[in-house]
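Asks:
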Amino acid sequence: MNRIVLNPGKEQASLRFHPWIFSGAIKRIVNEQGVSVAVTDGEVVAVYDNKQQFLAIGQYHNNSIAVRIISFDEVAIDQNFWNKKISDAFTHRTNVGLTNNSSTNVYRLIHAEGDGLPGLIIDFYNGTAVVQSHSIGMHLAKSFIVEALKACYGKALNGVYDKSEDTLAKPIVAKYEVKNGLIWGETLTNEVTEHGHTFNVNWETGQKTGFFIDQRENRELLAQYAKGKSVLNTFCYSGGFSVYALKAGATLVHSVDSSAKAIELVNQNIALNFGANATIAHEAFAQDTFNFLSKATEKYDIIVLDPPAFAKHQDAKHQAVQGYKRLNGEALKYLKPGGLLFTFSCSQAVDKFTFNSTVLSAAIIAGRKVRVLHQLHQPVDHAYSIFHPEGEYLKGLVLQVD
Ligand code: SAH
């Protein structure tokens, strides 16, 4: 295995299990005999410190993040390695009651750095594993990954769908002719159950891997408050929060998303759960949230704000904060006295302290008395490494206004 040798002092991050090596930390790239070599993008390499001590094994890419670490132990990266990674992740989900659960058959199996596999996402949808690679290393490891999934699940796995065309860098997509599609087996169903609610998940045309699994527990919390209440679910995508609210006995739910395709999904999911002709008080609007709020003629008991990541990068943080402030400030105006705001941010670059203080500014501007009832976060199948705090991307608050 070729070796990445780090500059003196640059081993500290690896010694505390940070999952990346930045290009600036690299002193030399050599083979096992110490002769300088060139390594190819996606190649599995060993990382050594300047005194020839082994540090880690990772996947190389000639980029700012040059190595993504997949092992801090000196082991062979063979099929057994991948089998163990996948089965360890599966065991973690089993231990928290997700893999053999009669009311939930959708969960995240691999959450990138959180499962020691940077650049890889795998979501399990009632028999279909949707694999999303964000790095060339993971793209090239895909046949190992598929075999490991088959070994782990046995008959419980019907198919593996690769959804990496939009997440891999364009030159990689072009070079390897990456296409979204089934790479093993078949799809038996697109219907999943989450806390007993049914959703149709379209991983082919849907956003991300098809469904926002990360809001599972927060939707359940909304259900606890929704009985007899009017709910506005903005940035609703396929209507997760709306279905939970209606099932819990909300008297009125308005779902808003700027994407017409998302609104189709909401209506489909409402029909799935309540029947096509059910007389439930639900209406879906293909509209921009700000636009919808500016024309709103009524106030709600509960409003959900779950916008897409306003800041995808650190340099967009300031603008994102302004966006969250404005959005939360607007929403607070449309809550009835005693009403609840479920407000979220999934921007990695906006940490929870920044988010909390942004929402505080919005409350000051709105001039309403606000209490914090809950601090929300991503669920246990989206665990993150403490050495990679950027992995804590989803944060939220439940606020109650006077
Ligand atoms: N709450 C959802 C996930 C939200 S993802 C769930 O539980 O599944 C964010 C959604 O915001 C996307 O569906 C996207 O289409 C929508 N969106 C983006 N910008 C918007 C805007 N300005 N107004 C309304 N919806 C918007």
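Quick note: to get our numbering, add 4 to the position in the sequence shown (first position is 1). We put the CB at the ideal spot given by N, CA and C, even for glycine. If you're wondering where the values come from, they're calculated on a predicted model, not measured in any experiment.
For F296, count the other beta carbons within 10 Å of its own beta carbon; 16 or more makes it buried, fewer makes it exposed. Which is it?
Replies: Buried.
Asks: Would you grab the beta carbon distance between Q404 and L377 for me? Rounded to a whole angstrom, and I think it's under 8 angstroms.
Replies: Between L377 and Q404 the Cβ distance is about 5 angstroms, and since that is below 8 angstroms, they are a contact.
Asks: Tell me whether F216 counts as near the ligand SAH, meaning its Cβ is closer than 7 angstroms to at least one heavy atom of that ligand.
Replies: F216: yes, Cβ under 7 angstroms from the ligand SAH.
Asks: Alpha helix (DSSP H) containing D92: first to last residue?
Replies: Run containing D92: Q83 to N99, per the alpha helix (DSSP H) assignment.
Asks: Note down the Cα distance separating T193 from Y165, rounded to an integer number of angstroms.
Replies: Rounded to whole angstroms, T193 to Y165 spans 13 angstroms at the Cα level.
Asks: Can you tell me which residues form a DSSP beta bridge with D127?
Replies: DSSP output for D127 lists R112 and V134 as bridge partner(s).
Asks: Within 7 angstroms: the Cβ of S349 and any heavy atom of the ligand GTP?
Replies: In terms of ligand content, the structure shown lacks the ligand GTP and carries the ligand SAH instead.
Asks: Taking 7 angstroms as the cut-off, is the C-beta of S262 nearer than that to any heavy atom in the ligand SAH?
Replies: Checking every heavy atom of the ligand SAH against the Cβ of S262, one is found closer than 7 angstroms.
Asks: Whole angstroms is fine: what's the gap from H138's alpha carbon to C240's?
Replies: Answer to the nearest angstrom: the Cα atoms are 25 angstroms apart.
Asks: Would S18 pass as a contact of S68 if the rule is Cβ separation under 8 angstroms?
Replies: Against a cut-off of 8 angstroms, the Cβ pair of S68 and S18 comes out as no contact.
Asks: Drop a sphere of 10 angstroms on the beta-carbon of A60, count the other beta-carbons inside from all chains shown, and report buried for 16 or more, exposed for fewer.
Replies: Buried: at least 16 other Cβ atoms inside 10 Å.
Asks: DSSP beta-bridge partners for Y52?
Replies: Per DSSP, V9 and F58.
Asks: Reducing DSSP to helix, strand and coil, say where R32 ends up.
Replies: Residue state, collapsed to three classes: strand.
Asks: What number of angstroms, rounded off, separates the C-alpha of N130 from the C-alpha of V49?
Replies: The straight-line gap from Cα to Cα measures roughly 35 angstroms.
Asks: What do you get for A264, buried or exposed, if any count of 16 or more other CB atoms within 10 angstroms of its CB means buried?
Replies: Exposed.
Asks: Please determine, among A29, Q272 and D385, the residue with the shortest C-alpha to C-alpha distance to I203.
Replies: According to the sequence displayed, residue 203 carries Phe and not Ile. Closest option to F203, Cα to Cα, is Q272.
Asks: Ends of the alpha helix (DSSP H) at F294?
Replies: Element bounds for F294: T293 to K299.
Asks: Quick one: using the 10 Å Cβ neighbour count with 16 as the cut-off for buried, is Q136 buried or exposed?
Replies: Per the 10 Å Cβ criterion, buried.
Asks: How would you label M5, buried or exposed, when you count the other beta carbons within 10 angstroms and need 16 or more for buried?
Replies: When all chains shown are included, M5 counts as exposed.
Asks: Measuring alpha carbon to alpha carbon, tell me which residue in H199, T171, G244 and K183 is nearest V205.
Replies: The residue with the shortest Cα to Cα distance from V205 is G244.
Asks: Suppose you measure from the CA of Q105 to the CA of G200; what does that come to, to the nearest Å?
Replies: Before going further, note that residue 105 is Asn rather than Gln in the sequence given. So the alpha carbons of these two residues sit roughly 10 angstroms apart.
Asks: Quick one: Cα of D319 to Cα of T255, how far?
Replies: Each residue's alpha carbon lies about 42 angstroms from the other.
Asks: At the level of alpha carbons, what is the spacing between F348 and S40?
Replies: The straight-line gap from Cα to Cα measures roughly 49 angstroms.
Asks: Suppose the cutoff is 7 angstroms on Cβ atoms and the five residues either side in sequence are ignored; what does the same chain contact list for R72 look like?
Replies: So the list reads P23, W24, G62, Q63, P122, G123, S139 and G141, once near-sequence residues are dropped.
Asks: Check whether the segment 278-296 and the segment 206-217 touch, using three or more Cβ-Cβ pairs below 8 angstroms as the test.
Replies: Because the criterion of three Cβ pairs below 8 angstroms is not met, the segment 278-296 and the segment 206-217 do not touch.
Asks: Please check the pair Y52 and R7, which I expect to be a contact at CB under 8 angstroms, by giving their CB distance rounded to whole angstroms.
Replies: Yes, they are in contact, since the Cβ atoms of Y52 and R7 sit about 5 angstroms apart, within 8 angstroms.
Asks: Go through its chain and collect everything with a Cβ distance to D218's Cβ below 8 angstroms, but skip five positions before and after it.
Replies: Counting only Cβ-Cβ distances below 8 angstroms, and skipping sequence neighbours, we find R112, C350, Q382, P383, H386 and L398.
Asks: Under the criterion of a Cβ to heavy atom distance below 7 angstroms, does T209 qualify as lining the ligand SAH?
Replies: T209 Cβ: outside cutoff for every heavy atom of the ligand SAH.
Asks: Check for me: the beta strand (DSSP E) holding K399 runs from which residue to which?
Replies: It spans K399 to V405 - the beta strand (DSSP E) in which K399 sits, taken as one unbroken run.
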